[in-house]
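First up is the structure itself, then whatever we jot down about it.
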Amino acid sequence: MTEPDKDDSTGLPWPRRWAGVYGLVLVVFVAWVVLLAVLTRMFS
Amino acid sequence: MNALDYIILVGTMLAIATHAIWSTRGPRDLNRYLKGACGTRWLTIGLSVMATQASAITFLSTPGQGYESGLGFVQNYFGAPLALIVIAVVFLPIYSRLKVYTAYEYLGHRFDPKTRLLGAGLFLLQRGLGAGITIYAPAIVLSTVMGWRLDVTIVASGLLVVAYTVAGGCDAVNLTHKFQMGVIFAGMVAAFVVLLARLPAGLTFSDTLTLAGGFHKLQAVDLSLDPDRRYTLWSGLLGGMFLALSYFGTDQSQVQRYLSGGSVRESRLGLMFNAVFKIPLQFFILLLGVLIFVFYQFERPPVYFNKAAWNSETSRVAPGRLAALEGAFTGAHTAERAQLEAWIKARHAGDPAAESAARTAALAAYGRVASIRAETKSVLDAANPGARANDTDYVFITFILDHVPHGFIGLLVTAFFCAALSSKAGELNALGSTTTIDVYRHLVKRDASDAHYVVASKCFTAFWGLVAIGFALFANLTENLIQAVNILGSVFYGVVLGLFLTAFFLKRVCGTAVFWSALAAQALVFALYFSLSISYLWYNVIGCAACMAFSLLLQTAIELGHRGQQTT
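Going line by line, the protein sequences match chains L and W. According to the working numbering, the residues represented by the first sequence are 146 to 189, in order. According to the working numbering, the residues represented by the second sequence are 766 to 1333, in order.
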């Protein structure tokens, strides 16, 4: 692996900061759990 | 399988392996051999991480779990996104800064050589055994249903993966992972489409989900606090997070994948790719199993999915016993199907009372079908007391061979082999690297040339490949295969994670304290494993917590001892 990145920039158009990427991943995760919980409740 | 299927299978497998060997030919230094081109992009890393984890067991066994127990197993993966974020934030920058080849080198930097060896040793023990299972598992299922010789299947698939992993090292593994994941995705989508097309005419997707829900197959989230339950939201979140932290953060087969990234950014994005897609992938595979369950409520399934075992056991069972069970099963299934059709008819008519009555009747009819299946298993168990009758690993492959058109059969069997080889290659690559860096270079030959270590790494990779093939040839596993792998991992992973978390967060703990604490924690996990019946995911939490707590206590005792000596 080359040199560690010095800044917090993701190099993406959006999100530009890593905190934004992690936040987005968490939102997707929570959305999946909620969807699965709804599926469980709807068809139980 | 016909000629077309075999052409797809053999052609694809050989084409991927040959391409990998050809593309990575020529001399390479140790860094390039163990860490790859160091310019690997995030998508390749993401697919490679996914391919290493998703073995053939995942694709053969998980739909069987969906068929038997529904979607609940998906909770096992709830901790993965959280763990991957922690790894991207904490673990990855440290590995990157120290420019290590293996995760266990870091333990040597932070503690001492014996702790590094302990971490590497636990990995080699656990992953060495697991490597045998990952090659045995698909081979036993595929050879049984295809009528292939088990030893030939194990040796042929084993030697193919050894060949390209030894030849091209990390680059070859990353390259093949990309193509193998492409085949796997294509196969799974094809299975899903064929399955939907095979469901009875007039049965909508909503009807299918209603039926599945009626049979309790769509209970994806279980809020129960009972620790005896294998899969709950809590065991998945906490136990699953510790399992994922340990597996993705400290298991060299995964660490090696993201250390090959062109930068921390590429590695992080590769990990986040998995954090986003891990749960949907597992959900999709389990849903395949649930849909197969619904399909087999209308199409008579075998009483016992392992047809080869069924045929071989016939001679051991009292004459006519299995035939009588099969006859009763056919009758019960026909009755159940009639009740299901009444249920759907009432549903379409919008008559809740009739729908409720039909549903109750259908569940009762299914109860009779299930009890005949259970009785069949107990008869087979009694006939062959040494083996536990468990046919869930055969559900998906039976569906494929009986109901999927030729060509697609070849694609799906190729997908199983791609999955088997992809995880195997990651494991062999890591076993070879760890043996070379943490054992051979560290203990045996310290100042040899780069070329020497490359040759040594190739030899160790080949050695572990042959060990895995040997283990697979003599293994006799009866437990559900994916659970066997996860249980094996959970028994060791907690303590290894404890070593790393102690290194990261308990700065005052020294090597001696953590070394003996890890051994004590591992002994505790073994003792609990053989005396309790809790979900195996909890052993990740227990092993890690015990290792960290013992380390703190022992470090305190050591410091008090030193102070006592100084004052006297």
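Positions of the beta carbon are idealized from the N, C-alpha and C atoms, including for glycine.
Counting only beta-carbon atoms, is A1040(W) nearer than 8 angstroms to chain L?
Working through the second sequence from its first residue, we reach residue 1040(W) at position 275. A1040(W) has a beta carbon lying within less than 8 angstroms of a beta carbon in chain L.
Give the C-beta separation of I949(W) and F1042(W) to the nearest angstrom, bearing in mind that I take them to be a contact with Cβ-Cβ under 8 angstroms.
Locating residue 949(W) in the second sequence gives position 184, counting from the first residue. Locating residue 1042(W) in the second sequence gives position 277, counting from the first residue. Cβ atoms of I949(W) and F1042(W) stay farther apart than 8 angstroms, at about 13 angstroms.
Please check if any C-beta of chain L sits within less than 8 angstroms of the C-beta of L974(W).
Start at 1 with the first residue of the second sequence, and residue 974(W) comes out as number 209. Yes, its Cβ sits closer than 8 angstroms to a Cβ of chain L.
If distances are taken between C-alpha atoms only, which option among W807(W), T789(W), M778(W), V927(W) comes closest to A1195(W)?
Counting from one through the second sequence, the residue named residue 1195(W) turns up at place 430. A1195(W) has its Cα closest to that of V927(W), out of W807(W), T789(W), M778(W), V927(W).
Touch check for the stretch 1042-1059 of chain W and the stretch 1079-1089 of chain W: three-plus C-beta pairs under 8 angstroms?
With a cut-off of 8 angstroms, the stretch 1079-1089 of chain W and the stretch 1042-1059 of chain W do not count as touching, because too few Cβ pairs lie within range.
Short CB-CB distance (under 8 angstroms) between A182(L) and chain W:
Residue 182(L) sits at position 37 when you count from the first residue of the first sequence. Interface residue, yes.
Reduced DSSP secondary structure (H/G/I, E/B, other) of T809(W)
Residue numbering aside, residue 809(W) sits at position 44 when the second sequence is read from its first letter. Shown here, T809(W) sits in a helix according to DSSP, grouped into three states.
So Q984(W) contacts chain L; which residues on that side make the cut at Cβ distance below 7 angstroms?
Counted from its first residue, the second sequence places residue 984(W) at position 219. For Q984(W), the residues of chain L that pass the 7 angstroms Cβ criterion are T185, S189, in the order they occur in the chain.
Judging by CA-CA distance, which residue of T973(W), L769(W), A1009(W) is the nearest neighbour of M815(W)?
Start at 1 with the first residue of the second sequence, and residue 815(W) comes out as number 50. Nearest to M815(W) by alpha-carbon distance, out of T973(W), L769(W), A1009(W), is A1009(W).
Restricting to Cα atoms, I'd like to know which of E1140(W), L1317(W), T1333(W), T1179(W) is closest to G776(W).
If you number the second sequence from 1, residue 776(W) lands on position 11. Cα-wise, what sits closest to G776(W) is T1179(W).
I'd like to know if G978(W) contacts chain L, where contact means its C-beta is closer than 8 angstroms to some C-beta of that chain.
Residue mapping note: residue 978(W) aligns to position 213 of the second sequence, counting from 1. Among the CB atoms of chain L, one or more fall inside 8 angstroms of the CB of G978(W).
R1273(W) by DSSP, collapsed to three states: which one?
Taking the second sequence and counting its residues from 1, the one referred to as residue 1273(W) is at position 508. R1273(W): coil per DSSP, three-state reduction.
Less than 8 angstroms between the C-beta atoms of C1224(W) and G1027(W), yes or no?
Looking up residue 1224(W) in the second sequence gives position 459. Looking up residue 1027(W) in the second sequence gives position 262. For the 8 angstroms CB-CB criterion, C1224(W) and G1027(W) do not form a contact.
If we cut at 8 angstroms on Cβ distances, does F970(W) have a partner in chain L?
Numbered from its first residue, the second sequence carries residue 970(W) at position 205. Not one chain L Cβ lies under 8 angstroms of F970(W).
Do three or more CB pairs link the stretch 1064-1080 of chain W to the stretch 1112-1123 of chain W at distances below 8 angstroms?
Too few Cβ pairs lie closer than 8 angstroms, so no.
Spatial distance of F1335(W) from W163(L) (CA atoms):
This structure cannot speak to residue 1335(W), because chain W is shown only from 766 to 1333.
Does DSSP put G1132(W) in a helix, a strand or coil?
Here residue 1132(W) is taken as the residue at index 367 of the second sequence, counted from 1. Reduced to three states, the DSSP call for G1132(W) is helix.
Quick one: using the 10 Å Cβ neighbour count with 16 as the cut-off for buried, is R914(W) buried or exposed?
Numbered from 1 along the second sequence, position 149 holds the residue referred to as residue 914(W). Classification for R914(W): exposed.
Does G156(L) get closer than 8 angstroms to chain W when you measure Cβ to Cβ?
Residue numbering aside, residue 156(L) sits at position 11 when the first sequence is read from its first letter. Closer than 8 angstroms to some Cβ of chain W, the Cβ of G156(L) qualifies, so yes.
Tell me S154(L)'s beta-bridge partners as DSSP assigns them.
As a working note, residue 154(L) is residue 9 in the first sequence. S154(L) pairs with R162(L).
Cβ pair L863(W), S1198(W) closer than 8 angstroms
Looking up residue 863(W) in the second sequence gives position 98. Looking up residue 1198(W) in the second sequence gives position 433. No, the pair does not count as a contact, with Cβ atoms beyond the cut-off.
Spell out a yes or no on whether the stretch 175-186 of chain L and the stretch 973-986 of chain W are touching, meaning 3 or more CB-CB pairs, one atom from each, closer than 8 angstroms.
Result yes; three or more Cβ-Cβ pairs closer than 8 angstroms.
Step through the CB atoms of chain L and report whether any lies within less than 8 angstroms of the CB of R806(W).
The residue labelled residue 806(W) in the question sits at position 41 within the second sequence. Taking 8 angstroms as the CB threshold, R806(W) stays off the interface with chain L.
What are the start and end residues of each continuous beta strand (DSSP E) run of 3 or more residues lying completely inside the stretch 1111-1181 of chain W, in chain order?
Here no run is fully enclosed.
Consider the Cβ of G165(L): report whether some Cβ of chain W lies at a distance smaller than 8 angstroms.
Counted from its first residue, the first sequence places residue 165(L) at position 20. For G165(L), the closest Cβ of chain W is not nearer than 8 angstroms.
Given a limit of 8 angstroms on CB to CB distance, which residues of the stretch 826-843 of chain W reach chain L?
Going along the stretch 826-843 of chain W in chain order, one finds L836, V839, F843 with a Cβ nearer than 8 angstroms to chain L.
Can you give me the start and stop residues for the alpha helix (DSSP H) that H784(W) sits inside?
What you label residue 784(W) is simply residue 19 of the second sequence in a count that begins at 1. Per DSSP, H784(W) belongs to the alpha helix (DSSP H) from 768-788.
Around the Cβ of H942(W), are there at least 16 other Cβ atoms within 10 angstroms (buried) or fewer (exposed)?
Numbered from 1 along the second sequence, position 177 holds the residue referred to as residue 942(W). Buried.
Per DSSP, G1026(W) is paired with what?
Walking along the second sequence from the start, residue 1026(W) turns up at place 261. Per DSSP, the beta bridge partners of G1026(W) are T805(W).
Mind checking if P1045(W) is an interface residue toward chain L, Cβ cutoff 8 angstroms exclusive?
Stepping through the second sequence from its first residue, residue 1045(W) is reached at position 280. Closer than 8 angstroms: yes.
Per DSSP, what kind of secondary structure is E1244(W) in: helix, strand or coil?
Position 479 of the second sequence holds residue 1244(W). Only weak support is given to the placement of E1244(W): the predicted model assigns it a pLDDT of 48, under 50, and the value that follows is read from those uncertain coordinates. Residue state, collapsed to three classes: coil.
Are the beta-carbon atoms of L1262(W) and S1011(W) separated by less than 8 angstroms?
As a first step, residue 1262(W) is located in the second sequence; it is residue number 497 there, counting from the start. As a first step, residue 1011(W) is located in the second sequence; it is residue number 246 there, counting from the start. In contact: L1262(W) and S1011(W) (Cβ atoms closer than 8 angstroms).
Counting only beta-carbon atoms, is W112(L) nearer than 8 angstroms to chain W?
Any answer about residue 112(L) is impossible in this case: the structure gives chain L only from 146 up to 189.
L1293(W): beta carbon under 7 angstroms from a heavy atom of the ligand GTP?
Ligands are entirely absent from the displayed structure, and the ligand GTP is therefore not among its contents.
Supposed close pair W1229(W), L1034(W) - CB separation, criterion 8 angstroms:
In the second sequence, residue 1229(W) corresponds to position 464, counting from 1. In the second sequence, residue 1034(W) corresponds to position 269, counting from 1. Actually they are not in contact, since the Cβ atoms of W1229(W) and L1034(W) sit about 30 angstroms apart, beyond 8 angstroms.
In three-state DSSP terms, what is Q984(W)?
Working through the second sequence from its first residue, we reach residue 984(W) at position 219. If DSSP states are grouped into helix, strand and coil, Q984(W) belongs with coil.
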